[in-house]
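The opening residue of the sequence shown carries number 54 in my numbering; numbering runs sequentially from there.
Everything below concerns the one structure shown next.
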Amino acid sequence: MSEKTKAEQLKDHLCLNRKNGLLRVSDDCIEKAYAFCEDYKAFLNAAKTEREAVIEAVKLAESKGFVPFEEGQTYAAGEKVYFNNRGKTVAFAVIGTEPVENGLRLTAAHIDSPRLDIKPNPLYEDLELALLKTHYYGGIKKYQWTAVPLALHGVFALRDGKTVTVSLGEQADEPKFVVNDLLPHLASEQNKRTLNEGIKGEELNVLVGSRPFRDDKASELVKLNILELLFEKYGITESDFLSAELECVPAFTASDIGFDRSMIGSYGQDDRVCAYPALRAICDTENPRYTAMAVLTDKEEIGSDGNTGLNSAFLKYTVGDLCRMQGGDVTLALRRTKCLSADVNAATDPTFKDVMEAKNASYLNYGVCLTKYTGSRGKAGTSDASAEYVGYVRQLLDDAGIIWQTGELGRVDIGGGGTVAMYVANLGADVIDLGVPVLSMHAPFETTAKLDVYMCYRAMAEFCK
Numbered sequence: 054m055s056e057k058t059k060a061e062q063l064k065d066h067l068c069l070n071r072k073n074g075l076l077r078v079s080d081d082c083i084e085k086a087y088a089f090c091e092d093y094k095a096f097l098n099a100a101k102t103e104r105e106a107v108i109e110a111v112k113l114a115e116s117k118g119f120v121p122f123e124e125g126q127t128y129a130a131g132e133k134v135y136f137n138n139r140g141k142t143v144a145f146a147v148i149g150t151e152p153v154e155n156g157l158r159l160t161a162a163h164i165d166s167p168r169l170d171i172k173p174n175p176l177y178e179d180l181e182l183a184l185l186k187t188h189y190y191g192g193i194k195k196y197q198w199t200a201v202p203l204a205l206h207g208v209f210a211l212r213d214g215k216t217v218t219v220s221l222g223e224q225a226d227e228p229k230f231v232v233n234d235l236l237p238h239l240a241s242e243q244n245k246r247t248l249n250e251g252i253k254g255e256e257l258n259v260l261v262g263s264r265p266f267r268d269d270k271a272s273e274l275v276k277l278n279i280l281e282l283l284f285e286k287y288g289i290t291e292s293d294f295l296s297a298e299l300e301c302v303p304a305f306t307a308s309d310i311g312f313d314r315s316m317i318g319s320y321g322q323d324d325r326v327c328a329y330p331a332l333r334a335i336c337d338t339e340n341p342r343y344t345a346m347a348v349l350t351d352k353e354e355i356g357s358d359g360n361t362g363l364n365s366a367f368l369k370y371t372v373g374d375l376c377r378m379q380g381g382d383v384t385l386a387l388r389r390t391k392c393l394s395a396d397v398n399a400a401t402d403p404t405f406k407d408v409m410e411a412k413n414a415s416y417l418n419y420g421v422c423l424t425k426y427t428g429s430r431g432k433a434g435t436s437d438a439s440a441e442y443v444g445y446v447r448q449l450l451d452d453a454g455i456i457w458q459t460g461e462l463g464r465v466d467i468g469g470g471g472t473v474a475m476y477v478a479n480l481g482a483d484v485i486d487l488g489v490p491v492l493s494m495h496a497p498f499e500t501t502a503k504l505d506v507y508m509c510y511r512a513m514a515e516f517c518k
């Protein structure tokens with residue numbers, strides 16, 4: 054092989070070299086990535102909602118030695134605690150050898166995903182069919198949610214204080230539910246609508262039954278039969294929908310994608326594709342120098358507001374509990390904290406690549422994506438990490454041999470989006486977005502690359518050390 058020319062040597066030394074990560078890692082690394090993603094797929098199947106994600110996360114963490122934090126209890130370096138916020142947000146911490154006041158190494162991901170929420174008074178009958186009214190949650194393309202099998206998840210909170218858990222439609226022998234669409238033969242008027250209005254919000258009605266109760270003397274017999282079935286199975290009446298949290302989610306299971314099985318297809322990968330690596334990383338953390346924390350939060354898809362969102366005081370109070378245990382100052386702790394806001398970016402789709410600016414876009418199999426800022430158009434709604442903090446994270450990733458890339462969320466004037474990074478930044482911490490590129494983001498079935506998922510885990514594990 055001939056020696057490289059001076060120009061080739063300079064190019065290697067001076068120019069940014071973006072290369073497919075699968076060509077940069079060993080076969081052993083690829084096998085580890087595939088093995089890691091088997092566990093990840095199992096998590097996706099078990100955690101279709103934020104409540105279920107907390108249950109699964111706590112289960113794994115407790116098996117690794119985490120215990121619920123108790124006020125007034127002192128925890129030594131290396132001990133592991135968690136904070137469960139109303140069953141929908143959870144924070145895990147491994148106490149460091151440095152005082153908490155000296156700052157944390159924080160990863161923050163969200164565990165809610167776009168879906169169809171059931172309205173408080175949802176059940177009705179029309180043309181002798183029973184349906185549930187819904188209110189979509191998060192940014193969705195409404196037409197994508199028709200004619201796909203749906204499962205029902207959630208809880209009924211009864212007047213006597215009891216809670217009834219519902220999960221129906223995930224097993225092969227369980228019934229599914231569906232939002233129906235109009236057949237193309239009769240859709241000439243519907244086809245005149247814009248794509249955004251092809252299906253309207255009030256048309257996302259879920260079909261749940263057609264069999265009437267055997268009694269000719271009453272009205273709405275199909276609805277009555279459904280209520281009887283619900284009472285027999287769950288002990289609930291129609292009024293109990295008023296104090297329920299029920300979600301319709303796709304009844305798909307996580308699957309390998311492609312002849313080469315190099316990708317994963319599933320519902321809810323935004324943002325459980327980052328939440329699961331964050332969870333695994335904190336569970337694998339032992340005796341860190343700085344207290345390591347992973348927070349898996351709710352409500353990101355609708356602005357992070359509410360007492361289970363990261364725009365609440367939950368994170369500040371949680372860090373405050375740890376500081377108070379050592380007699381430290383929470384304000385100093387937050388100022389000295391370094392955070393990875395673990396959220397996805399949009400991977401470039403070859404079919405729709407015109408919405409991306411190629412030099413600043415993310416790609417499948419190019420590793421975990423570092424996003425300096427998100428926001429919309431003129432960087433509205435972003436924290437925009439400092440050059441110094443980007444340099445810190447860049448060095449950490451390079452020194453650990455982690456495959457990574459950078460990316461923006463589309464062309465400048467096309468759109469954009471936000472993450473929880475701004476809420477962490479508002480507390481005074483250094484923060485940058487780091488996550489997995491996703492195809493078909495917010496669709497009922499999203500696609501990621503196994504190598505990128507594994508590199509996300511490796512980055513978070515290195516960060517927590």
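Backbone N, C-alpha and C fix where the C-beta goes; we use that ideal spot for every residue, glycine too.
Quiz prompt | Assigned exposure category for proline 202 - 16 Cβ within 10 Å defines buried | solution = Sequence index remark: in the sequence shown, residue 202 carries index 149 (1-based). Burial state of proline 202 is exposed, judged by a 10 Å Cβ sphere holding fewer than 16 other Cβ atoms.
Exercise. Rank Gly471, Leu283, Ile108 and Lys195 by C-alpha distance to the C-alpha of serine 357 and give the top, closest one.
Key: As a working note, residue 357 is residue 304 in the sequence shown. Checking every option, the nearest Cα to that of serine 357 belongs to Gly471.
Quiz prompt | Length at least 4, wholly inside the stretch 151-179: the alpha helix (DSSP H) runs in chain order | solution = none
Quiz item: According to the Cβ coordinates, are tyrosine 445 and threonine 435 closer than 7 Å?
Solution: To locate residue 445, count along the sequence shown from 1; it is residue 392. To locate residue 435, count along the sequence shown from 1; it is residue 382. It is not a contact, given that the beta carbons lie outside the stated cut-off.
Quiz item: Taking the Cβ atom as the reference point for each residue, do phenylalanine 266 and asparagine 249 lie within a distance shorter than 7 Å?
Solution: Within the sequence shown, the letter at position 213 stands for residue 266. Within the sequence shown, the letter at position 196 stands for residue 249. No, these two residues do not count as a Cβ contact at 7 Å.
Quiz prompt | Segment limits, beta strand (DSSP E) that includes proline 303 | solution = Within the sequence shown, residue 303 is the residue found at index 250, counting from 1. 297-303 is the span of the beta strand (DSSP E), which, as asked, contains proline 303.
Quiz item: Can you list, in chain order, the stretches of the alpha helix (DSSP H) that have 4 or more residues and sit fully within the stretch 420-502?
Solution: 440-452 and 474-478
Practice problem: Assign arginine 246 to buried or exposed, taking buried as 16 or more other Cβ atoms, counted over all protein chains shown, within 10 Å of its Cβ. | Solution: By one-based count along the sequence shown, residue 246 stands at place 193. Arginine 246 comes out exposed.
Practice problem: For chain C, find out if any of its Cβ atoms is closer than 7 Å to the Cβ of alanine 345; answer yes or no. | Solution: Here chain C cannot be found, since the structure has a single protein chain.
Quiz item: Three or more beta-carbon pairs under 8 Å between the stretch 486-505 and the stretch 319-329, yes or no?
Solution: Touching, per the Cβ criterion.
Quiz prompt | C-alpha distance - leucine 332 paired with lysine 117, whole-angstrom precision | solution = Within the sequence shown, residue 332 is the residue found at index 279, counting from 1. Within the sequence shown, residue 117 is the residue found at index 64, counting from 1. So the alpha carbons of these two residues sit roughly 11 Å apart.
Quiz item: Which one of Ser394, Ser55 and Asn413 has the shortest CA to CA distance from alanine 400?
Solution: What you label residue 400 is simply residue 347 of the sequence shown in a count that begins at 1. Ranked by Cα distance from alanine 400, the options Ser394, Ser55 and Asn413 are led by Asn413.
Exercise. Confirm, please, whether the CB-CB distance from leucine 184 to leucine 260 is below 7 Å.
Key: One-based indexing of the sequence shown puts residue 260 at position 207. One-based indexing of the sequence shown puts residue 184 at position 131. Yes, the pair counts as a contact, with Cβ atoms nearer than the cut-off.
Practice problem: With a 10 Å radius around its C-beta and 16 neighbouring C-beta atoms as the bar for buried, classify cysteine 509 as buried or exposed. | Solution: To locate residue 509, count along the sequence shown from 1; it is residue 456. With 16 or more Cβ atoms within 10 Å of its Cβ, cysteine 509 is classed as buried.
Quiz item: CB of aspartate 402 to nearest heavy atom of the ligand MN: below 6 Å?
Solution: In the structure shown, the ligand MN is absent, as is every other ligand, since no ligand is present at all.
Exercise. Return yes when the Cβ of phenylalanine 405 is within less than 7 Å of the Cβ of asparagine 138, no when it is not.
Key: Translated into the one-based positions of the sequence shown, residue 138 becomes position 85. Translated into the one-based positions of the sequence shown, residue 405 becomes position 352. Remark: C-beta atoms of asparagine 138 and phenylalanine 405 do not approach each other more closely than 7 Å.
Quiz item: Nearest to aspartate 451 by alpha carbon, out of Ala307, Tyr196 and Val421?
Solution: For the purposes of this step, residue 451 is taken as residue 398 along the sequence shown, with counting starting at 1. Residue Val421 is the option with its Cα nearest to aspartate 451.
Quiz item: Among residues of its own chain, excluding the 5 on either side of glycine 74, which ones have a beta-carbon nearer than 6 Å to its beta-carbon?
Solution: Position 21 of the sequence shown, counted from the first residue, corresponds to residue 74. Once the five neighbours on either side are set aside, the close Cβ partners of glycine 74 are Asn418, Tyr419, Gly420, Ile456 and Leu504.
Quiz prompt | Member of Met475, Arg447, Val465 and Gly373 whose CA lies at the smallest distance from the CA of proline 152 | solution = For the purposes of this step, residue 152 is taken as residue 99 along the sequence shown, with counting starting at 1. Comparing Cα-Cα distances from proline 152 to each of Met475, Arg447, Val465 and Gly373, the minimum goes to Gly373.
Practice problem: Quick one: residues in its chain with C-beta nearer than 8 Å to the C-beta of glutamate 281, no 5 flanking neighbours on either side, listed in chain order? | Solution: Translated into positions along the sequence shown, residue 281 becomes position 228. Excluding sequence neighbours, glutamate 281 sits near Phe266.
Practice problem: Compare the beta carbon distance of valine 302 and arginine 104 with 7 Å and say whether it is the shorter of the two. | Solution: Taking the sequence shown and counting its residues from 1, the one referred to as residue 302 is at position 249. Taking the sequence shown and counting its residues from 1, the one referred to as residue 104 is at position 51. Their beta carbons are not under 7 Å apart, which means valine 302 does not touch arginine 104 by this criterion.
Practice problem: Examine the Cβ distances between the stretch 54-74 and the stretch 282-293 and report whether three or more of them are shorter than 8 Å. | Solution: Taking 8 Å as the limit for Cβ pairs, the verdict is that the stretch 282-293 does not touch the stretch 54-74.
Quiz item: Just the Cα atoms here: how many angstroms apart are tyrosine 177 and valine 107?
Solution: Locating residue 177 in the sequence shown gives position 124, counting from the first residue. Locating residue 107 in the sequence shown gives position 54, counting from the first residue. So the alpha carbons of these two residues sit roughly 32 Å apart.
Quiz item: Are the beta-carbon atoms of leucine 349 and isoleucine 485 separated by less than 7 Å?
Solution: Here residue 349 refers to the residue found at position 296 of the sequence shown. Here residue 485 refers to the residue found at position 432 of the sequence shown. No, the Cβ-Cβ distance between leucine 349 and isoleucine 485 is not below 7 Å.
Quiz prompt | Span of the alpha helix (DSSP H), counted from its first residue to its last, around lysine 94 | solution = Here residue 94 refers to the residue found at position 41 when the sequence shown is read from its first residue. Per DSSP, lysine 94 belongs to the alpha helix (DSSP H) from 80-99.
Quiz item: Would a C-beta distance cut-off of 7 Å place threonine 390 and glycine 156 closer than the cut-off?
Solution: To locate residue 390, count along the sequence shown from 1; it is residue 337. To locate residue 156, count along the sequence shown from 1; it is residue 103. It is a contact, given that the beta carbons lie within the stated cut-off.
Quiz item: In chain order, which continuous runs of the beta strand (DSSP E) of length 3 or greater are located wholly inside the stretch 337-376?
Solution: 344-350
Quiz item: Where does alanine 200 sit, in a helix, a strand or coil, going by DSSP?
Solution: Your numbering for residue 200 matches position 147 in the sequence shown. Coil.
Self-check item: Identified DSSP bridge partners for aspartate 31
Solution: Since the first and last residues shown for the chain are 54 and 518, residue 31 lies out of range.
Exercise. Identify every run of the beta strand (DSSP E) within the stretch 108-146, keeping only runs that are complete inside it and at least 3 residues long; order them along the chain.
Key: If we require 3 residues or more, the beta strand (DSSP E) runs fully inside the stretch 108-146 come out as 133-138.
Exercise. Starting from valine 261, follow the alpha helix (DSSP H) in both directions and report where the run begins and ends.
Key: Within the sequence shown, residue 261 is the residue found at index 208, counting from 1. It is not in any alpha helix (DSSP H) - valine 261 instead sits in the beta strand (DSSP E) that spans 259-262.
Practice problem: Using three-state DSSP, classify glycine 74 as helix, strand or coil. | Solution: As a first step, residue 74 must be located in the sequence shown, where it is residue number 21. Helix.
Quiz item: Which value, in whole angstroms, describes the spacing of the CA atoms of threonine 424 and threonine 459?
Solution: Taking the first residue of the sequence shown as 1, we reach residue 424 at position 371. Taking the first residue of the sequence shown as 1, we reach residue 459 at position 406. Distance between the alpha carbons of threonine 424 and threonine 459: 6 Å.
Quiz item: Looking at threonine 216 and alanine 210, is the spacing between their C-beta atoms short of 7 Å?
Solution: Position 157 of the sequence shown holds residue 210. Position 163 of the sequence shown holds residue 216. Against a cut-off of 7 Å, the Cβ pair of threonine 216 and alanine 210 comes out as a contact.
Quiz item: At which residues does the beta strand (DSSP E) containing threonine 218 begin and terminate?
Solution: The residue given as residue 218 occupies position 165 in the sequence shown. From DSSP, the beta strand (DSSP E) with threonine 218 extends over 216-221.
Quiz prompt | Same chain, Cβ closer than 8 Å to lysine 229, five either side skipped, listed in chain order | solution = For the purposes of this step, residue 229 is taken as residue 176 along the sequence shown, with counting starting at 1. Taken in chain order, the residues that qualify are Pro202, Leu203, Ala204, Gly222 and Ala304.
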